[in-house]
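Have a look at the structure below before the remarks.
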Amino acid sequence: MITESSDKKELLTATEGVISQLQNLMSSINAHKINIIPYEDSWTAGQLFRRVIKSINGMSEAMKTKSKPADRGAGEKIADQKKHFLI
655 MITESSDKKE LLTATEGVIS QLQNLMSSIN AHKINIIPYE DSWTAGQLFR
705 RVIKSINGMS EAMKTKSKPA DRGAGEKIAD QKKHFLI
(Lines of atoms letter the chains of each structure in order from A and count residues from 1; the text may use other names and numbers.)
(Lines give C-alpha, C1' and ligand atoms only; values in the text may rest on other atoms or scores of the structure.)
Protein backbone atom coordinates (compact mmCIF):
# COMPACT_ATOMS: atom_id res chain seq x y z
CA MET A 1 0.00 0.00 0.00
CA ILE A 2 1.27 3.45 -0.90
CA THR A 3 1.55 5.92 1.98
CA GLU A 4 2.99 9.38 2.54
CA SER A 5 6.29 7.75 3.48
CA SER A 6 6.52 5.52 0.38
CA ASP A 7 9.73 5.97 -1.56
CA LYS A 8 10.16 6.57 -5.27
CA LYS A 9 10.87 2.91 -6.06
CA GLU A 10 7.65 1.80 -4.32
CA LEU A 11 5.64 4.41 -6.21
CA LEU A 12 7.11 3.46 -9.58
CA THR A 13 6.50 -0.25 -8.91
CA ALA A 14 2.90 0.49 -7.91
CA THR A 15 2.47 2.61 -11.04
CA GLU A 16 3.68 -0.23 -13.25
CA GLY A 17 1.16 -2.51 -11.54
CA VAL A 18 -1.69 -0.09 -12.21
CA ILE A 19 -0.72 0.21 -15.88
CA SER A 20 -0.65 -3.57 -16.17
CA GLN A 21 -4.09 -3.86 -14.57
CA LEU A 22 -5.50 -1.21 -16.91
CA GLN A 23 -4.04 -2.99 -19.93
CA ASN A 24 -5.60 -6.28 -18.80
CA LEU A 25 -8.94 -4.57 -18.31
CA MET A 26 -8.85 -2.90 -21.72
CA SER A 27 -7.81 -6.11 -23.48
CA SER A 28 -10.84 -7.87 -21.99
CA ILE A 29 -13.26 -5.37 -23.56
CA ASN A 30 -14.66 -5.97 -27.03
CA ALA A 31 -12.72 -3.77 -29.51
CA HIS A 32 -15.98 -2.37 -30.92
CA LYS A 33 -17.18 -1.31 -27.47
CA ILE A 34 -13.90 0.48 -26.71
CA ASN A 35 -14.62 2.94 -29.52
CA ILE A 36 -18.31 3.60 -28.81
CA ILE A 37 -19.07 7.20 -27.90
CA PRO A 38 -21.40 6.83 -24.90
CA TYR A 39 -22.99 10.28 -25.27
CA GLU A 40 -22.41 13.49 -27.20
CA ASP A 41 -19.11 15.28 -26.53
CA SER A 42 -17.77 12.42 -24.41
CA TRP A 43 -14.66 10.31 -24.77
CA THR A 44 -14.66 6.69 -25.76
CA ALA A 45 -13.17 4.14 -23.35
CA GLY A 46 -10.16 3.91 -25.67
CA GLN A 47 -9.58 7.66 -25.63
CA LEU A 48 -9.90 7.80 -21.86
CA PHE A 49 -7.51 4.88 -21.48
CA ARG A 50 -4.95 6.58 -23.73
CA ARG A 51 -5.15 9.84 -21.71
CA VAL A 52 -4.79 8.03 -18.38
CA ILE A 53 -1.75 6.07 -19.61
CA LYS A 54 -0.12 9.25 -20.99
CA SER A 55 -0.66 10.96 -17.66
CA ILE A 56 0.72 8.04 -15.65
CA ASN A 57 3.73 7.70 -17.95
CA GLY A 58 4.41 11.43 -17.70
CA MET A 59 4.35 11.28 -13.91
CA SER A 60 6.64 8.24 -13.93
CA GLU A 61 9.15 9.98 -16.19
CA ALA A 62 9.07 13.09 -14.01
CA MET A 63 9.77 10.94 -10.94
CA LYS A 64 12.81 9.40 -12.65
CA THR A 65 14.49 12.74 -13.37
CA LYS A 66 17.09 14.20 -11.03
CA SER A 67 15.77 16.94 -8.80
CA LYS A 68 16.52 18.62 -5.53
CA PRO A 69 14.69 17.41 -2.41
CA ALA A 70 11.36 19.08 -1.73
CA ASP A 71 11.37 21.89 0.79
CA ARG A 72 7.94 20.87 2.14
CA GLY A 73 6.38 17.83 3.74
CA ALA A 74 5.37 14.99 1.43
CA GLY A 75 1.72 15.21 2.46
CA GLU A 76 1.45 18.98 2.64
CA LYS A 77 -0.57 19.36 -0.57
CA ILE A 78 -2.83 16.31 -0.17
CA ALA A 79 -5.84 18.18 1.25
CA ASP A 80 -5.67 20.77 -1.53
CA GLN A 81 -5.42 18.08 -4.22
CA LYS A 82 -8.39 16.21 -2.74
CA LYS A 83 -10.47 19.40 -3.01
CA HIS A 84 -9.64 19.70 -6.70
CA PHE A 85 -9.84 16.08 -7.81
CA LEU A 86 -12.15 14.28 -5.39
CA ILE A 87 -15.17 16.51 -5.63
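Just so we're aligned: 712 in our numbering is position 58 of the sequence shown, and the numbers increase by one with no gaps anywhere. Yeah, the Cβ is synthetic: ideal placement off N, Cα and C, and Gly gets one too. From a predicted model like this one, the values you see are computed outputs, not experimental measurements.
| Item | Value |
| --- | --- |
| Tell me which residues share the same chain as Ile-673 and place their Cβ nearer than 7 Å to its Cβ, disregarding the 5 neighbours each side in the sequence. | Ile-707, Ile-710 |
| Could you give the residue range of the alpha helix (DSSP H) that holds Ala-716? | 699-718 |
| Helix or strand or just coil, what does DSSP make of Glu-670? | helix |
| So, using beta-carbon positions, are Phe-703 and Met-717 closer together than 7 Å? | no |
| Taking 7 Å as the threshold (C-beta atoms), are Thr-669 and Ser-714 in contact? | yes |
| The alpha helix (DSSP H) with Asp-734 in it runs from where to where? | 732-739 |
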